[in-house]
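Participant: Shown below is the structure under consideration.
Chains as they are written, first to last, in the working numbering: chain W, 1 to 313; chain C, 314 to 613.
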C-alpha cells in the first residue's frame, strides 16, 4: 500500500526542506514520529505483507499440514468463482448507489443548512445523528423496527400510498441496504459540503446577484464549481469507507438471500472464518486492496491539493 | 401572526388589503419570506425524517414488549425501565467494560503517540515528512478485511486472541492516522510569532511545549480524542473477528439480537440505546470538529 500511494511527485520538493542537518539533530526531530509509525507498521503493514504471502499459498486452516506454493492459483480460483464475481458486482452497485444518493441528499441538506432559519443548529444536530449511532445498533434497529413486514415503521409510513405488508429485507434486500446506508452516510456528505459552502467567497455571489443572476444561476455557475473539491473529497473518502461496508450485511441480510447482498468484505469474511480457505481469502483481500488503491490515489491527490491551499492561507 | 400582534389603533378600519400593503413595505418581499419559511419547513422535515429512527430506538426502549411491536405503532404509553433492567441483568456490564477499556485505552494511547508525531510533522519538520504524513493516511484507507486473517493468526499464536489489549492496539493503529492529521492541523494554527517570541525570551524546548504549545492545542487534543473515541466505540468488524467471550465489546453483545424470533424489539431498543448513547453525546459535543476528523484535517 505504501509504495504505491505516495503523494504526487510535484509535491515532494515543496515545504520547508531542512536539507542538511547534523545526524543528531535529524534523529532528535525524527524521534517523536517513530513510536506511532512503528505501531502502525506492525499492525497494518506486516499483516498486509502476510496477506500477500498467503495469497500465493495453498492453505486451509482445517488441514494445516497441506501447504504448498500455489503461484497465481488462488487468484485464478477467485476470478473463476461466480460468487466472487457476484460479490464484486454487489460491492460496486452498493457503493455507487449509496455514494450517489447520499451525496445528492447531502448537498440538498447542506444548502438548506447554509440558510438562516429558526432552529438551524438543532436541525443540524438532528441531521448528523444517524452518522453517530453505532452502526451495529442502527442496523439492527432498521432490520427489526423499520423493515419488519408486520409492524415496521416503513410499511406504516407507506400505507397511505397503498403499500401493504412488504417484507423489505427478504423481498428487496439490496434496496433495504441502500436505504439504511444512505441514511447513515448522508450526514457525512452533508458536513463536508456544508464546510465547503461556508468557506466560499460571498463577495463573488453578491457581485453576481447585483448583475442580476438568479438563485439557480448562482448555484450552478458559482457555488457548484467552488464546491467541487469538497464534493470530490467526500465522494472519494465515502467510497473508500462504503466499499468496506460490513456491519449491516452481517446483521441484516447475512449476505442473502442466497448471495444477493454478499459484498467483498462479507465474502472474504466468510471465506476466512467459515471456510478457512486462507489462500483464496487472501487473494480476494489483495484484489480489494488494489481496487482501493485506485480510489485512494485520487483521494490523496485531492487531499494534498486542498492541504496545499490550506498551508498557503 | 395577526392573532399575536394586536393591530395598531389607526389600522382598526376593516381594510385588510391596506394592512397587508403596509406590512409589505416594512418587511422583506413576500417571495423572500415564503422562501425562508419554505427553507425552514423543508429543513425541519428532513431533520425529523432522519432523526426518527434514532428517536424510535430511544422511545421503544421504554416500552413493554407488547407495545413495541404493534400495527399501527404505539406512540402513547406508560414508560417503563423494565427493558433496561433486563439488559443490565443479562451480563451487559462486562461488554460495556470491554468497550470502555478498548476505546478509552486506545484513545489515550493514540493521543500520546500522535501528538509528538504531529509535532515532528508540522513545527519541526523532518526530511521527507510529507511522505510519512501520506503513509499514515494511506493506512487508514486500507480495507480491514485485507489484514484480518494475519492479525487473527498472529494473535492466536501469541495468545492475544479474545483480549482487550489486542483490540486497543488495533484501534490505536486504526485511529492514529486521523489523530496525526487532526493534531497537525491544530499545531499549524499556533502562530509562529508566539513561538519565536518565546524562543527569543530564552524558553527551553520543554517550556515551549508545556507552556505554549500544549495549552494552545488542548481544545484540539480534546476534539481529536472525542473523534477517536467515536470510531473505536462504534467499531464492529475487528471486535467480532478478534474477540469471542472474554473481550467482546458492546456491538458484539448486540449480535445476540440478529434473529427475529419472539417479541424482543423493546429489549433490543433498550440495548441499542445504551450502546449508542455515549457516542451520540460525544458527537453532539464534538460537532464543530467532526468535519476536520472525517476529512483528516483537510477541511476545517
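In this text, a Cβ means the ideal position worked out from N, Cα and C, and glycines have one as well.
Since residue 486 of chain C and residue 39 of chain W are thought to touch, with beta carbons under 8 angstroms apart, how far apart are those beta carbons, to the nearest angstrom?
Facilitator: Position 173 of the second chain, counted from the first residue, corresponds to residue 486 of chain C. Position 39 of the first chain, counted from the first residue, corresponds to residue 39 of chain W. Residue 486 of chain C to residue 39 of chain W, Cβ: 6 angstroms. Contact.
Participant: Compare the C-alpha of residue 189 of chain W against each of W:278, W:105, W:299 and name the closest.
Facilitator: Reading the first chain from its first residue, position 189 is the one you call residue 189 of chain W. The residue with the shortest Cα to Cα distance from residue 189 of chain W is W:105.
Participant: Are there 16 or more other CB atoms within 10 angstroms of the CB of residue 494 of chain C, so buried, or fewer, so exposed?
Facilitator: Position 181 of the second chain, counted from the start, is the residue given in the question as residue 494 of chain C. Looking at its Cβ environment, which holds 16 or more other Cβ atoms inside 10 Å, residue 494 of chain C is buried.
Participant: So is residue 22 of chain W in contact with chain C if we call contact Cβ pairs under 8 angstroms?
Facilitator: Translated into the one-based positions of the first chain, residue 22 of chain W becomes position 22. No, no contact with chain C.
Participant: Return the CA-CA distance between residue 570 of chain C and residue 581 of chain C, expressed in angstroms with no decimal places.
Facilitator: In the second chain, residue 570 of chain C corresponds to position 257, counting from 1. In the second chain, residue 581 of chain C corresponds to position 268, counting from 1. Distance between the alpha carbons of residue 570 of chain C and residue 581 of chain C: 7 angstroms.
Participant: So with CB distances below 8 angstroms, who are the chain C contacts of residue 72 of chain W?
Facilitator: Working through the first chain from its first residue, we reach residue 72 of chain W at position 72. In chain order: nothing, as chain C lies at least about 18 angstroms away.
Participant: Which bits of chain C does residue 32 of chain W rub up against, with CB to CB less than 7 angstroms?
Facilitator: On the first chain, position 32 is the one that residue 32 of chain W refers to. Ordered by position in chain C, the residues that pass the 7 angstroms Cβ test against residue 32 of chain W are 429, 430, 432, 433.
Participant: For residue 370 of chain C, return the contacting residues in chain W, with the cut-off set at a CB-CB distance below 9 angstroms.
Facilitator: Position 57 of the second chain, counted from the first residue, corresponds to residue 370 of chain C. Within 9 angstroms Cβ-Cβ: 133, 137, 138, 141, 145.
Participant: To test your reading of the DSSP string, which unbroken alpha helix (DSSP H) runs of 4 or more residues are found completely within the region 424-467 of chain C?
Facilitator: The region 424-467 of chain C contains these whole alpha helix (DSSP H) runs: 442-453.
Participant: Is there contact between the region 268-284 of chain W and the region 53-71 of chain W, where contact requires at least three CB pairs shorter than 8 angstroms?
Facilitator: These segments touch.
Participant: Applying the 10 Å Cβ sphere with the 16-neighbour rule, what's the burial state of residue 90 of chain W?
Facilitator: Start at 1 with the first residue of the first chain, and residue 90 of chain W comes out as number 90. With 16 or more other Cβ atoms within 10 Å, it is buried.
Participant: On the criterion of 16 or more Cβ atoms from any shown chain inside 10 Å, does residue 601 of chain C qualify as buried, or is it exposed?
Facilitator: On the second chain, position 288 is the one that residue 601 of chain C refers to. By the 10 Å Cβ count, residue 601 of chain C comes out exposed.
Participant: Taking CB distances under 8 angstroms as the criterion, tell me whether residue 607 of chain C reaches chain W.
Facilitator: Reading the second chain from its first residue, position 294 is the one you call residue 607 of chain C. Chain W contact via Cβ: present.
Participant: I think residue 136 of chain W touches residue 567 of chain C, with their Cβ atoms under 8 angstroms apart; what is that distance to the nearest whole Å?
Facilitator: Here residue 136 of chain W corresponds to residue number 136 of the first chain, with the count starting at 1. Here residue 567 of chain C corresponds to residue number 254 of the second chain, with the count starting at 1. That pair is a contact at about 5 angstroms.
Participant: Mind the definition here: the region 268-276 of chain W touches the region 467-483 of chain C only if three or more C-beta pairs lie below 8 angstroms; say whether that holds.
Facilitator: Not touching, per the Cβ criterion.
Participant: Taking DSSP as the reference, what is the three-state secondary structure of residue 277 of chain W?
Facilitator: Locating residue 277 of chain W in the first chain gives position 277, where the first residue counts as 1. Here residue 277 of chain W sits in strand by DSSP.
Participant: By how many angstroms is the C-alpha of residue 597 of chain C removed from the C-alpha of residue 510 of chain C?
Facilitator: Position 197 of the second chain, counted from the first residue, corresponds to residue 510 of chain C. Position 284 of the second chain, counted from the first residue, corresponds to residue 597 of chain C. One C-alpha to the other measures close to 37 angstroms.
Participant: Below 8 angstroms on the Cβ atoms is my contact criterion, and I expect residue 385 of chain C with residue 156 of chain W to pass it. Report the Cβ-Cβ distance as a whole number of Å.
Facilitator: Position 72 of the second chain, counted from the start, is the residue given in the question as residue 385 of chain C. Position 156 of the first chain, counted from the start, is the residue given in the question as residue 156 of chain W. With a Cβ gap of about 6 angstroms, residue 385 of chain C and residue 156 of chain W count as contacting.
Participant: Have a look at the DSSP bridge pairing and note the partners of residue 60 of chain W.
Facilitator: Residue mapping note: residue 60 of chain W aligns to position 60 of the first chain, counting from 1. Paired residues: W:277.
Participant: Grab me the residues of residue 558 of chain C's own chain with a C-beta within less than 7 angstroms of its C-beta, minus the 5 sequence neighbours each way, in chain order.
Facilitator: Counting from 1 along the second chain, the entry for residue 558 of chain C is found at position 245. These residues qualify, in order along the chain: 475.
Participant: Hey, residue 192 of chain W and residue 517 of chain C are a contact pair by Cβ (cut 8 angstroms); roughly how many whole angstroms apart?
Facilitator: If you number the first chain from 1, residue 192 of chain W lands on position 192. If you number the second chain from 1, residue 517 of chain C lands on position 204. Going by Cβ atoms, the distance from residue 192 of chain W to residue 517 of chain C rounds to 41 angstroms, so no, they are not a contact pair.
Participant: Is residue 419 of chain C close to chain W? Criterion is C-beta to C-beta, closer than 8 angstroms.
Facilitator: Here residue 419 of chain C refers to the residue found at position 106 of the second chain. No, its Cβ sits nowhere closer than 8 angstroms to a Cβ of chain W.
Participant: Establish whether the CB of residue 75 of chain W and some CB of chain C are separated by less than 8 angstroms.
Facilitator: Here the question's residue 75 of chain W lines up with position 75 in the first chain. No, residue 75 of chain W lies away from the interface with chain C (no Cβ there is under 8 angstroms from its Cβ).
Participant: Report yes if the CB atom of residue 98 of chain W is closer than 8 angstroms to the CB atom of residue 178 of chain W, and no otherwise.
Facilitator: Translated into positions along the first chain, residue 98 of chain W becomes position 98. Translated into positions along the first chain, residue 178 of chain W becomes position 178. For residue 98 of chain W and residue 178 of chain W, yes; Cβs fall inside 8 angstroms.
Participant: Between the beta-carbon of residue 223 of chain W and the beta-carbon of residue 102 of chain W, is there less than 8 angstroms?
Facilitator: Translated into the one-based positions of the first chain, residue 223 of chain W becomes position 223. Translated into the one-based positions of the first chain, residue 102 of chain W becomes position 102. Cβ distance not < 8 angstroms, so residue 223 of chain W and residue 102 of chain W don't count as in contact.
Participant: Please check the pair residue 393 of chain C and residue 375 of chain C, which I expect to be a contact at CB under 8 angstroms, by giving their CB distance rounded to whole angstroms.
Facilitator: For the purposes of this step, residue 393 of chain C is taken as residue 80 along the second chain, with counting starting at 1. For the purposes of this step, residue 375 of chain C is taken as residue 62 along the second chain, with counting starting at 1. Yes, they are in contact, since the Cβ atoms of residue 393 of chain C and residue 375 of chain C sit about 6 angstroms apart, within 8 angstroms.
Participant: Taking residue 147 of chain W as the reference, which of W:275, W:252, W:245 has the closest Cα?
Facilitator: Indexing the first chain from 1 puts residue 147 of chain W at position 147. The shortest Cα separation from residue 147 of chain W among W:275, W:252, W:245 belongs to W:252.
Participant: Rounded to the nearest angstrom, what separates residue 121 of chain W and residue 604 of chain C at their Cα positions?
Facilitator: The sequence position of residue 121 of chain W within the first chain is 121, counting from 1. The sequence position of residue 604 of chain C within the second chain is 291, counting from 1. Spanning the two alpha carbons is a distance of roughly 15 angstroms.
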